[in-house]
Structure formats: C-alpha cells, structure tokens
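So the structure is just underneath, and the comments pick up after that.
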Amino acid sequence: MCAMKGVNRRQFIAGSTILTGAAMLPWSGNVAAAVSSATDASGSPRKGGVLRISVDQAAGMLNPQQARVNPEYLLAELLYSGLTRLTQDMKAEADLAESWKASDDLTQWTFTLRKNLSFHDGSACTSADVVASLNAILDPKNASPGQHNIGPIKTVTAPDADTVVIGTDGPYADLPVMLAYPDAKIIPAAIAGGQPERLSKEAIGTGPFKLVSFEPERLIVVERNPHYYDPSRPHLDRVEVVVYPDAIAEGSALIAGDTDLMLSAASTEFARLSKSSGIVPLRVSSGQFLNVNMGCDTKPFNDVRVRQALALCVDRKATVDFVAEGYGTAGNDTPLNTAYPYYLNEPLKEPDYAKAKALLKDAGYPDGLDLTLIASDKPSTRTQLGIALREMAKPGGFRINVQTMAHSTYLDQVWKKGNFYVGFYNMQPTPDAVFSLLYTSTASWNETRWNNTEFDTAVKAARETADPAKRTELYGKAQKLMHDQVPSLIPAFFDLLAAGRDYVAGYQLHPRGAVFRLDHVWLTAKAPTRK
Amino acid sequence: MRDVMKHLIRSPQGAVGLFILVVAALMVCGGAHIAPYDPESISILARYKAPSAEHWFGTDQLGRDIFSRVMVGARATIVLSLLATLMSMVTGAVIGTASAYLGGKTDEAIMRTMDAVMSIPSLLFALLIVSTLGQSSFNAVLAITIAFVPGMVRIARSVSLAARQQDYVSAAIARGEATHYIILREMLPNIVAPIIVEATIRVAFAIMLFATLSFLGLGAQPPEPEWGLMVSEARAYFFNAPWMMLIPGVAIALVAIGFNLLGDGLRDALNPRSH
Amino acid sequence: MSDAVLAIENYSLDYLLPQSEPLQVLQDISLSVQRGEVVGLVGESGSGKTTLGWSVMRYMAANARERSGRILLAGEDLCQMSAPQLENLRGGKLGMIFQDPGASLNPTLTLGEQITEVLIRHRGLDARQALELGIQLLSHVELKNPAAMMKRYPHQVSGGEKQRVLIATAFACEPQCLIFDEPTTALDVISSAQILALFARLREETGVASLYISHDLALVSAVADRVCVLEKGHIVEQATARTLFLSPQHAYTQKLVAAVPDPAHRLTDATPVSAQPLLSLQNINIDYGRHGLLDRLLRRENGKTRAASDVSLTVHRGEIVGVVGESGSGKSSLAKALTGLVPFSGKVDFNGYNLSGRAEMDKDYRRRVQMIFQHPDASLNPRQRIGEIIARPLRLYGLPEGENEAQAVARLLEDVRLPASFARRFPHELSGGQKQRVAIARAFAHPPELVICDEITAALDVSVQATVIELLLELRRRYGTAYLFITHDLNLVRQIAHRVAVMYRGDLLEVLPGEAMAQHASHDYTKALLAAVHTPEKAITEHL
Amino acid sequence: MTASYLFKRFMLVIYTLLVVSLLVFGITQLLPADAAVTLLGQNATPQALAAVRARLGLNDPAWLQYWHWLRGVLHGDFGVSMRNGLPVAPTIMAALGRSLLLAVCALLLMLVVAIPLGIWAAVRRGKLADMLVSVLSYVGISFPEFVTATLLLLLFADVWQILPATGYVPLTEDFRGGISHLILPSVTVAMILVAHVSRMVRSEMVDVLQTDYIRAAHLKGLSRRRILWRHALRNGLLPTITIVALDVGYLLGGIVVVEEIFAIPGIGRELIVAVQARDLPTIQAGVLILAATYSIVNFLADLAYVFLDKRISYA
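Protein chains in written order, with the working numbering: chain A, 16 to 546; chain B, 309 to 583; chain C, 165 to 708; chain D, 109 to 423.
Following this line, the structure appears as structure tokens:
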C-alpha cells in the first residue's frame, strides 16, 4: 500500500494506517521483532490496562520539539502527533495529515489535515498550528534538533484551515518521510509563537495519551486521550514510563515483573532476559552503527592509504562480537546495511595485515603510526570499539592510544572538530538522510571532511529522483566510493534489542529506534492488574 | 624502627595486614613479570572463559586474561591510592600544623573553612573535581587528594595542638628556641606517628574512593587494568560471567583490609603506652 | 586474731606476663584490722599497696594469680566466695573509697542515684525510702542542702563534696570494713583535712575497721592506729605511727622516714645577703581567654579570666623563694609568665633587664632564667635521646670552654648523678626520678641565675623527691643559683625556702620567712593552711 | 548552653553554606563544556549555542551569575534547571526526600545492628565474639558500595528472587512494596557504617568499662546488668552521636553510588545527571542541600551531646 513503490512523480502519495512490513524484516534466530508469541495475543486487542515501560535514561525534555533521546522521543510520540509518521519499513504514513501530494518537480508538497482535530486542552488543531510548529522547529533561536532533519523546507503556508503547503529548496522526494522525524510534532500556535517554555512543564498535544505526571528522573505517567482522532486507539488506559539508569537494574525489574516492557535492552543483558521465563526477547536488525571518524583533510588521514590500511586491520565479525555481543551485523565502511533499502551487498572486508603494512609504508610510515583515538564514555560501546581497534590494529603497525572523555566534553571539544574519534549514530529513515547528515560535503555534521564531489553528485541525483532503479545505481555508487576510500571506518551495526513480558501484545520493535507506537499495544488477559 | 616492626608483627592485625600488603607490594613491583599473558591483548576465541588451569581467574568480555590484568593492575590501583594519600597527608600536615601553630583568628578561619569543605561528601566533591579536570587516573588522584585534605588538616591540627601543649614544647619556647626548630624538631616527630597511622587507614579509603570513581567512569580509563574500572566494566556481564567482577572486587577489598589492619597494628605499635 | 574484722594471712599474688616470668606483686602479706581500728598501709609507687586493696575487694586484673594465703572478712574467706556472694558483700559490708572522687562518680548520673542504687541493692529499700535515707546520709556527712545535692551531677559540685558523697555511700550500708585508697590525694590541703576529720568522726560512730592506703607517711601516721610499711610486695615493718617515726627498725623504713619533709629540719643555710634583688616583679597581671568579636558584637562582659592580679615579689641572688597555694591559685601562671609562655602585664626587673612583655625576653634572659616542669614525662621530648635533649641548650647558648659537646653532656649527666651512657637512651627507658634529673641537667647546661621549679617533685615518690631536692641544693651551693620554688607541699617548702609567698585565687596574700612561717602568718588562709598540714611532728605528738 | 553559643553555632552553619556555594560555583565555572552544549548535543550549531546560552544566562560574567543565584536563594528561589526548564527546588526537595528515606532506613539499620554488636564485642573483649565482630568489621569496611550492591543484587534479586532488584516505590503508594525496595539499598549503605560504628562503639565501651566509676560501681556490688545498662552505656554511646553525625557525610556520599545502582531517583542520581549535563542550578542547589543536611545534623548532634552529657556547658 505504500505509495512510493512504482512511482511516478505525479502520482498521488497517500499514507496508510495499516501496519505493514514487519514480515519483511530480517530475522535472527527465533527472536521476534514484535511481542506476539503468546497464544492469546492473536486475538483482537483488549481495551484497558496499565503498561509499565522502562527506559534507560531520564526524559528531561517534555517539549517534543526539543527531544533528543529515545525516552524523550517516546514521550513526544505518546503526547503529540506529527503530520506523518514512519512505518516499520521506513515509509511515511498518515498522522495528522490525512493525505499529501507533491508538485511535479517535487518542490512543493500539499498536506491535507484530518477534520476536527483537537489538542488536549480542547482547542482545535488547524493548519495554523502546523505552520507555527514547523516554523518553530526551523527557527534557529529555538535550536530544535529537528532544524536540519526535516528536509530542506523553505516555506510553510496554510491556504485554508485544513491544508498546509510546504515548499522545499530543490526537489526533495523524501519530505513526507522526513516530516516523520520524532521532533517534528505539532504544538499549539500560541505556544509555538510565544511561550515554548510552557511545554517543559505541561503537554498540550494531539497525541493518543495525555500527561498525568512528570518526574523526569523517575516516573512519567500518561493516560488515554479519549478525544484521539482514531477512536479505536489507544488500547491502554495508562502508560507509566519508569526510568532505570542502570542496565542490570532495568533487566532485573522486567524479570521480577516490576515492569512489562523495556524500550531497549543492553546487549549484555539480552542473553539473561532471553533465558527468563515469561519474557519475550525482541530483536530487529537496524542501521544503528559505531564508526571511527577520520579527518580526511589533515595528516595522516588525508592520505587514503592510511585509511585503507586501518580498514584492513579490522576483523569485522569479531568486532560485532566485541561491541554488540554478536547482536549485530558486520559493516563494510558504508553507513548502510541490510536494514536500509538500496543496500549494496559487497563481500565483507577481511583483515590483511601484510597489505595494511604495505599501504602504510607507501604512505610514508614504514615504522608504523602513532595515533590517539578519542572515545566518549556514552555509550560504553564506543570505548569497547576503541580498545578492540587498538588491539586489532597493532599487527598492522598502528599504535593507538585510546583516550576516553566525558560525553559533554567530547561534544564540546572533539565532535566535528577532532581527527580521530569514535562516533555512534542511530538509523536514519532513508539512505539520503544518513548520507547527507554525515558524509556529503554539505552535510550538517560533515565530520570526516571527505568532501568527495563524485559522492556528492550521486547522492544529490538520487535525492532528486523517485525512480528506484536509478536510485539503486546511484546509491550503489555512493556506497562503493565509501567502501573504497574509507572516510570513516564502519565495522559494525547493532541490532536493536528489547524485551517484554509475554502478556504485552501489539508491540513492534522499530529499526529506526525512535518509533514506538504504544497506541497499538494492548495487554492480554494474563497481564497482572496494576492500580 | 625495628622496635615498631617487632610490635607490629606480634599483633595479629599487624601481622595479617603486613602479610597482605607484602603480597600486594610484590604484585605492584613484579606484577608485570608474574602475568602469564599480555593484560591488554584481546582474543575473540577466549571470551568469557571461567577460571581454569589455563586462565586462573578466567577471561573477560574481550578475551583478556583476568589474572594478568589483576597482577598488572595492582600498580595502578595501589600506587595511585598511595600517591593520593601521601599528597593529602603532606598538604594536610603542613596546613594543619601551621594552623595550630598560628592559632587565633587564622586558625579559626582555616578550620571553619575546612569544616565547610568537609560538609560536601567526599565522593561528590571528588566527582565535581574530576568532572572539571577531565576523567583520568591522575585527575582522580588529584581529586581524592583535594577531598582528603580537610580531614588530614583536622587530624594534623589536633595532634599538633596536643603536641604544642606538651611541656617539652613549652620548655623549648622558654629556652628561646627558634620557631622552625620547635616545629621541625620538637613537634613534627611527635605529630608524624599519629598522622601516619591515620594515613594508613586512609589509604584503604583512597583505594575504595578511587575504585568508586573509576566505577562511575571518572577514574582510570579503559583499557587500563585498574581494579575499580575492571569491576565497573564487568558489572554489565555480571550474570553471565560473575568472576569478572568478583575477582577485582575482592582484590580491592583485600588490599583495603590490609591497609586497615596495618593501620590498627601501627596505632598499637607506635603508641608509647604499649612499649 | 579471731576478733579481727579483716585478716589477711600469708597472701601472695603474681601478675602473669606474656613471654616472661610472672611478676611477684605481693608476697606473704599478713595483717589484720580490728573493729574500730585504722591500719595504715604505706608504700611508694609499685610497692603493691593498691593491688592489696583490690585483692581484698576481690576485684582483680585478668592476669592476676593468687599463689597462697587467705583473706578473711569476719572469719569468712573471701577467696572462696562465689561471685553473687561477693556482690552482696561489696558496697554493703565491705566498701572502698578511691583517690579521685571525680573519676569514681559516673558523670552522667545524679549524685542521688549513685547513693540510692546502693541502698536499693543492699538494704532492700524502695526508691522513695532510698531517697529519704540518702538525704539523711548526705546531711550526716555535713553537706549543705542535701536534698538539692541529690539532684546534682558530679561536675556541679566541688571535689571535697564529691568525696563526702562517696563517703556517705560507703557508710550507707553499715559496713564492717572499708578500704581507703589515697582518699585525699586529689584534694587541696584544707578540704583534705576536713575529709579526714569527717572520717574520724564516722569511724568513731560506726566502729568500722579501716585499711588506709597512702604514700604519705606523715598523713597515714596521723590517721592510723598502726602502720604497715610495704616495700616491693613485702611488709617490712608494722608498728604504731609514733614508734615508726621515733625508732624505725627496718632500713627501708628508716630511709622513708628520713625522706619525709619535716619543716623542723631545715635543709638550707640562712638567707643569703644581697641587697640588690635579682628579680623583682611589680604589679604583674596575667589574663587568660580573649575578648572575641562575638563578645564585642553582643556587648558582653569581658570574657577573660584573671590568673594573677597585681603580684609583686622579689627574689635575691642565691635565694630560694617558695610559692605555695592550692591548684588554681595562679602560682603556675606566674612561672609561665616569667618564662614567656603566657602574656602578662606589669613590670619585670631582672638583673638590670626591664621587661614589660614577653616579646622583650631575649636569648640572654632565657639563658639566665631556666624552668623545670612538673612532669618529666612531658617535658622531655619522647622522640629525642637524652644526649640530644641535654645538648640542645649547649648549642643554643654556647659550649663551655675546653669541652666538646659529648664531654659536656657526660659531665652534666655526672653532675646530676646519672651514668654517661644514659646519653644514648630515650626518655621512656628512664625512671621518673632519672627523668627529672635529666631535666635538671638541661636547666643547668649553662648555669643559670634563676631556676623556676614548677612542682618538680609532685610526681615523684618521697624518697626520690628527697634525692632530687638534695641535688638541687647542691647545685645551688655550687653555682649560687636562685630558685623560685613553686609547690603545694608546705612541709617541703618550709624545709628549703628562705621566704615563702602564699597565693590564693590569683592574689599574693603574704610573703613569710620560710623558717618561721607559722609564727609570722597573719592571713587567715595561711593559718588554715598551716593547721591542715600533717607534719611528722604532729604525727608523733597528736593523733586524730 | 547559652543563646550566644546557639547563635555562634548557627552562624557557622551559614558560613559553611556560603563557602560551599562559592566553592561549588567556582568549580562549575571551570567545568568543560556547558549546559548549552549538553542540551543541544549533536544538534549544536554556533547560532543554536548562542541562542541557548542567552536563554540560560550563561553569557553573564561569573560574579553576576553568582549574585543572581545568591539573590534568588535568599528569596527562596533556587532557579530553573538548565536541563528541562523545571524549577530546581521542588525537584531537588522531592529527590532529597527519597534520599533521606533511604538514609534514615540505613541509619536505623546501622543503629540496630552496630550498637549491639559493638557492646557485645566490648563486653566479651578478647573472646571469640570480639574476634568475630572485629573480622566482620574489617570485611565490612573494606568492600566498596558498588561491589556490595552488586553482590546483594545477585543473591537476593536474581538467585533467590526474594527481594525486588531495584527501583523506588513511594511508601504512600505501596507501603510494603516501598519497604521491600528499600531493603537492599539500605543494607548496602549501612554495611560500611555498621562496620565503622560497631568498631567505635566497641572501643568507647572498652574505655568506659575500664574507668574508675565503672570499677567503683562493681565495688558497690551492683549487678552486671545494671552496670552495663545504667552506668556504662550512656557514657559509652555518647561519643557515638558525634561519630554517627560525622558519618552522615559518608552516608550522603555513599548514597550517590547506591542510588545509581539501585535506580533510586534521589539527590545523588540527580546530582550525577546534573554534573553530566552541566546543569549548574541543580548542581548548586543539590550540593548546598547536602552540605546543609550534613551541617544541620552535626549541629543537632552537638546539641544532643550537650543535652545528654551533663558535664559540658557552653558558656
């Protein structure tokens, strides 16, 4: 039902509320991406009940347009709605927008809103609110994380109460998908224009749930919004979001039945959770990856041979074991893997120390190379990768000193500035999103400063076409370039892991990592009653 | 000195403490030679091995030999804690003795400020300092030093005050001795013994505080085989490979016990009453 | 002996020591106390006299082992009694009173509770009856306002009052036998005389048999009917007080009797004639405490306490001037002021120096004015060797001509009659008397003109005290040194001082000639003081 | 004890808080990176940083920031969190409440265990019981909280599954649940304190049992029980008040780790998160409130000491 298949530019692109794609996802073992193994879960959804879901860090930002981390994305999704949202297979589906269409040149998009939308405070939600909300995200003063992530939007207008017209800077086929960005939530125009700080204490959205209480470090409670635009959802009466900053604690709480569902599980906890009775482990292949960024404009990384030599030192399968306990896929130094469309399946790079040494010698380092690799302490897998790389690169002639630092210090002093550091990125909704976020010369986070014109051209061309064949070719070229030139070492992708009790039904683990859809979740009769 | 040793060995605490610390000292000096494996070399095939003849203390998540890491890590853990205690002891003794000697309003001001600083829990204080300086072993040492100084000042001051009120100091003053002679030759030798006892016990706390800072990610940094850091890293794998955490954890506790015992033993041995 | 209340027969006791031979503390002790009798037990420190007291009470150290003998209370052997039987006796029929009344009372309980608990325990009274009886008992020991006293805590009453409470407690259950362990040593002279008078009266009234332990032969002689002299665990002589003083039989007793300071037996020659005073003090005031900022803010009264007010005194060359007074009279403060240890105001004229503050005391003054402290334990640095301690003033003031440092140290040690080998020892390896000799050697390293002696014999046994005094007098003869001799021991000061200054609560009451103090005393306090002191003469002539 | 002593002691508390606030402010000024950086994370652009810094008042000179802060505090306003825009005071007070609950539980546990152990060891000095308590206290004092906590978690929550692993349940919501969630963290925090305090109680009691007045009590024929409970205990336990009050400082520090491990949203966690996020108002308020707690506890301990020990009177 997804409109982007078999596409022509003029085609009307419509969203769908039907869930699709779960079956198309890559599976691993007998672990499910969705909680559905329980026998009575196959029945029709039951109404009511309280779901207690645990998250691994505080949801400090209640303002959806300021959300930065998964628990905050979860809150934003529970309490607010966007124009579109992301399906399990990374397509756009309707949220507040009922339907949308693009102009022929893909530069102007018209979104039609559902009728009779209302905010939690009872006031109507109209196109004016949408315009104000999108402008608020784009306003640099507000410093919303969504500012550079919702597509190249130039203008937002509201010809009438139900219609929003968005003009982009150049043709942009992925706009509906980009508008599903978790921060792109609609808030009342009055608040967006004047007093956004109000939203750090209260929530006035159009989402499936309403805020009951908010203690960011401990517990956030939401209850069903009876005026949600889809009268059949949500199924749950209430959701309690409990914060567990310690992975072991979070796992133990689920095992003990204190919680019903984990938003995410640490790879180190996954085996234990899988063994526990009454718990369904959840796993989905994702494009989330760890990399080592190299400053391609400075010595020694301005020499492609150095980068290639380093890439030849890495045992990628072993790296997946080291950093992800095996719950992941090996990377070929491109940011795409099987979880993305247009993935170019090249044979996996194997370590070759002789060749690595030779390359280093050619590059002018016959005695090897001393490097300092910086790894932030969050998440701890960054350091694991650093240590693994340090040891793996030793035989290749690299003497790497791993330096860890506080995440905030890293953000302040190293990120986007350093020449050799470990990065960590969530899956993006489209190949274009990840390429133009990280690797094109105009990328907003152009960390590697690789600035390859051939690559830029291919990505830009793919963005401006909706033809899959053409896209496959262009994205393949882009991946091949990264594969060969190694602007950044991408050795491993993570599977997303989670777990839930067997009485939780209707939950699907989303590969993007920022989509949760608790409005589809329901509890079977086996579920304990919570007050 | 020989006298003190004799007394020390005769008391059960002193003997056991000394024994533990001699073993620890051997590890500090020769740990790298004892270690059968490279403490940092990783192995994809030897991950999560339980203790066995091949790997006495098992291996960790990267397949590193834990026995080798514990041996080599003794140096980082113990020497740095000793260093922190030593620095705080010297600083504290200088400030405390000076405060006691100067007396009056200066003493009052110094001591009330030290009291104020002591009202910040030392772990929290150390945490703030390391956050400021950046996380590394050396900065953790510095932070522990700073956090320990007020306590040392307090102790040094109280023993100096006690020493100052002794008649032999009065005798020296009445004799017309110079100030530096009184402080260095009359007071200091008598202040040193109780301060050393206190410092020995503090080393145990320094080891634990250092380990705790490492545990919170603020002390030693991977891949260093520092014990606290090893515990911290191993915590995530606790249910699958409990030895990873238990072994360095017990090592920390044992050395801390050693210093506690030695401190108590020294207290008895250095007490003139027990002679 | 059958009518003896307390009889000790052939009693021997050892202390077991780790890794060495048992220490024989008491050997073959035999003595008995009749009803109404007071038996004195005299000995120097380490003689075992207190141990014997504890043995009678059956309260012994864990490492004590009895080798032989019996202790009979009214014919029953205490050594064979079970713990509950003993508990019934203790505090009832058998009681003990200690040296320091401050330490023997629990600081956190009221005096009343500490009396009544004994009445409840041994006389089976209920709380109300015990309270009534307690009040009665307190009034019986001549305490004013006994009902109020019952509600007070120990720190709220004086030392003499505390000892009265303890005596009342000991007498509360009509005891057969009481053991007094130096009950007046911690008290000043006048209150100790009052306590002794009270004790004499109660003994008369109750007919209790008493064992009175003390180091003070003159005092024991005044109190006791019979005196036992204890030396190193042996009783060397038993006799009446009078016999003991007039014709001591045993050599040790003779030595002891000779050592007791007797004002009638002067040790110094007549007053040295020197018109020019060596030291003269004019209107010296000494204040402690300070006037803090907060006090000023709150406009409070000056927080200072005055330790000495308007003291004027002269010391002539070669003269011994005694300063007497009870603790807190300001006599030690005076010593500290003269050595620059505490600030003072007023004028000090020392041999041409005019000093009006301690900052003006230069090295030369300090060389010429030396001080010896009460506790040699405290005044010798425990971490320095004797040689170093004595050499220090030599380095400071310069070596005598023709001697190197080691020679000078050896000579000084010899001067104080210590072997030269002591130079290599640490203070804790020496006995109390030896340590005080080292302190004297230090003071005389560069012969001073004035030595201030602050209670230098108070911590020493009587025989040791005598030799130390002898040493001081000899040094004076040799160097013509003047002494400012501060002490609470009136007998001693009357033996050696040319003149005696009497201080009371910071005031200098009067200065009297040492030889005929009693005749010239004009102040009431001085008279009371003189009357309260026990002298050997009194021990012979009168009996309490 | 006079009003002036009280006043002086109170002024000391004020001075302490002033020094602490200056010290913490000074340290926070030196922290690398600021709230704007952590707030924006990877979305930081120079414009965005400038905008956020202006909004948070981070562009003012340090002394002005301190003055604004101090003026606010004097008016009872602790400012607004830089992390989430919520007022600091209610958040901190709520967190403090949870921490204090834990602290009080640990303290009670400690008193209930440590004091009898210490007395027992002192009474049976040199015997087996004494040795046992001594060994226990050496072990207890030498295990860092994070090791103890994980061991307890493994045994009680995982192997035996008799206690909830972690988390916090308000007593008002579910009393039994709340208590059961408090057991493991309290035991962890109390462990070191028990070891320390039982040693102190033992040595104080040993000293007291050797005093003249205890000897005198024995020689008055009083029963052992009366001597122990009526005569020895009060004097032996008095110094414990001061020790426990000083240990509160350690307790508050230990709570930081324990809250981190047991996922208790107390003030320790709040502070760790605040430090990581460079949330200056929260750091300031949190540290200040801990210092105040410590100072006030010690103040009260002094008062209690004066009240219980009849010997001391402050003129």
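Every residue gets a Cβ at the ideal spot worked out from N, C-alpha and C, and that includes glycine.
For the pair residue 336/C and residue 317/C, the Cα-to-Cα distance works out to about 19 Å. Residue burial is scored here from C-beta neighbours: residue 270/D has fewer than 16 other C-beta atoms within 10 angstroms and is therefore classed as exposed.
Of the other Cβ atoms in all chains shown, fewer than 16 fall within 10 Å of the Cβ of residue 245/A; this residue is therefore exposed. Rounded to whole angstroms, the gap between the alpha carbons of residue 535/B and residue 302/A is 35 Å.
The Cβ-Cβ distance between residue 445/C and residue 510/C falls below 8 Å. The Cβ-Cβ distance between residue 615/C and residue 534/C falls below 8 Å. As the crow flies, the alpha-carbon of residue 430/A is around 47 Å from that of residue 119/D. The beta carbon of residue 277/A sits no closer than 8 Å to any beta carbon of chain B.
In its chain, beyond the 5 residues on either side, 323, 324 have a beta carbon closer than 7 Å to the beta carbon of residue 355/C. When the five nearest sequence neighbours on each side are left out, the beta carbons in the same chain lying within less than 8 Å of the beta carbon of residue 525/B are those of 443, 540, in order along the chain. The C-beta of residue 298/C comes no closer than 8 Å to any C-beta of chain B.
Under the three-pair Cβ rule at 8 Å, the stretch 282-298 of chain A does not count as touching the stretch 368-382 of chain A. The contact set of residue 376/B on chain A, defined by CB atoms closer than 7 Å, is empty, because the minimum CB distance reaches about 14 Å.
Three or more Cβ pairs closer than 8 Å define a contact, and the stretch 515-535 of chain C meets that threshold against the stretch 480-490 of chain B. Fewer than three beta-carbon pairs drawn from the stretch 336-345 of chain A and the stretch 487-503 of chain A are found closer than 8 Å, and the two stretches are therefore not classed as touching. Under the Cβ criterion of 8 Å, residue 381/B is not counted among the residues facing chain A. Within its own chain, the residues whose Cβ lies closer than 8 Å to the Cβ of residue 269/C, once the five positions on either side in sequence are excluded, are 275, 278, 318, 326, 329, 330, listed in chain order. Within the stretch 674-700 of chain C, contact with chain B at the beta-carbon level (separation under 7 Å) is assigned to no residue. Here DSSP, grouped into helix, strand and coil, assigns residue 161/D to helix. Annotation: the stretch 300-353 of chain C contains the following complete segments of the alpha helix (DSSP H) (minimum length 4 residues), in chain order: 310-315, 323-335. Among the residues of chain A, none has a CB under 9 Å from the CB of residue 133/D; the nearest is roughly 18 Å distant. The C-beta of residue 126/D comes no closer than 8 Å to any C-beta of chain C. Taking residue 519/A as reference, the option from 184/A, 120/A, 274/A with the minimal CA-CA separation is 274/A.
Three or more Cβ pairs closer than 8 Å define a contact, and the stretch 216-233 of chain C falls short of that threshold against the stretch 401-408 of chain C.
Cβ atoms of residue 666/C and residue 687/C come within 8 Å of each other, at about 7 Å.
A Cβ of chain D is located within less than 8 Å of the beta carbon of residue 523/B. Residue pairing by DSSP places residue 438/A opposite 306/A in a beta bridge.
Under the DSSP assignment, residue 233/C falls in the beta strand (DSSP E) whose first and last residues are 228-237. At a cut-off of 8 Å between beta-carbon atoms, residue 436/B makes no contact with chain A. Taking a C-beta distance under 8 Å as the contact criterion, residue 146/A and residue 188/A do not qualify as a contact pair. The bridge partners DSSP lists for residue 179/A are 126/A. Residues of the stretch 489-501 of chain B with a C-beta atom less than 7 Å from some C-beta of chain C are 494, 497, 498, listed in chain order. Assigned with DSSP and collapsed to three states, residue 402/D falls in helix. Taking a cut-off of 8 Å for Cβ pairs, the stretch 323-342 of chain B and the stretch 559-575 of chain B touch, as three or more such pairs fall below it. Burial is judged here by how many other beta carbons sit within 10 angstroms of a residue's own beta carbon; residue 341/B has fewer than 16 and is exposed. Residues of the stretch 542-554 of chain C with a C-beta atom less than 7 Å from some C-beta of chain B are 542, 543, 544, 545, 546, 547, listed in chain order.
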